[in-house]
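Peer 1: Remember, my numbering sits 30 above the position in the sequence shown when you count from 1. Note that CB positions come from ideal geometry on N, CA and C, so glycine has one too. From a predicted model like this one, the values you see are computed outputs, not experimental measurements.
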Amino acid sequence: MNRVLLRVHIAVVGFEIDRISSAAIQQKADRVYLISQNENDKGLPYLNENEKRLKEEKIDVQIEKINNVRDITDILHKIKEIIENEKENRIYINISSGSNLSAIAGTICSMMFHHKYHVTPYYVKPLRYLDCKN
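1) Within a Cβ cutoff of 7 Å, which residues of the same chain sit near Pro156, ignoring the five residues on either side of it in sequence?
2) Leaving out five residues before and five after Val43 in sequence, what residues of the same chain have Cβ atoms less than 7 Å from its Cβ?
3) Mark Leu106 as exposed unless 16 or more other C-beta atoms lie within 10 angstroms of its C-beta, in which case mark it buried.
4) How is Glu46 classed by DSSP in three states: helix, strand or coil?
5) Taking the beta carbon of Glu46 as the centre, do at least 16 other beta carbons fall within 10 Å, making it buried, or is it exposed?
6) Which first and last residues belong to the alpha helix (DSSP H) in which Asn124 is found?
7) For Leu131 versus Ile102, is the C-beta distance shorter than 8 Å?
8) So the alpha helix (DSSP H) Pro75 belongs to, where does it begin and stop?
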C-alpha cells in the first residue's frame, strides 16, 4: 500500500513570522516543528504568533525546546532527532529563520541526511525586513 508522504518543515524560531509561518503555509506544510529555547526566550512572542498562524491553517505544530539556541550542538541534535522521527516523510529545513548558527546547523543536517532521507533546505527572502522603515 502506498503511503502519502507528509511535508514536514523544521524552523528555529528567531524574530520572524513571515519567514516561518507564511512560508510553511505557502508551501502547504502538513506539520511544522518550531524549535525554541527552554528559558529566557526573547523570541517567545514570535513563537506564539507563528504557532497561532499555522494552527489557523490547520497545520500540525510541534514545539521543540532546546537548552541554548546559541549552541550549535543543541540545534544539530534537535534537528537530527526530528529528522530521524520523520524519516518516512519529506522534510524541509528552513535555514532563513533563527540565527546564523541555526542556518549552519540546518545546512549541515540537510547535507548529512539528504540522500538517506528526503531532506531539503530552503531559504525565504522576505518582502521587507523588520528593521527597515518601508
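Peer 2: To lay it out plainly:
1) Asp48 and Arg49
2) Ile50, Leu64, Ile65, Ser66, Gly73, Tyr76, Leu77, Asn80, Ser127 and Gly128
3) buried
4) coil
5) buried
6) Taken as a continuous stretch (DSSP letters only), Asn124 belongs to no alpha helix (DSSP H), being part of the beta strand (DSSP E) at Arg120 to Asn124.
7) yes
8) Leu74 to Glu86
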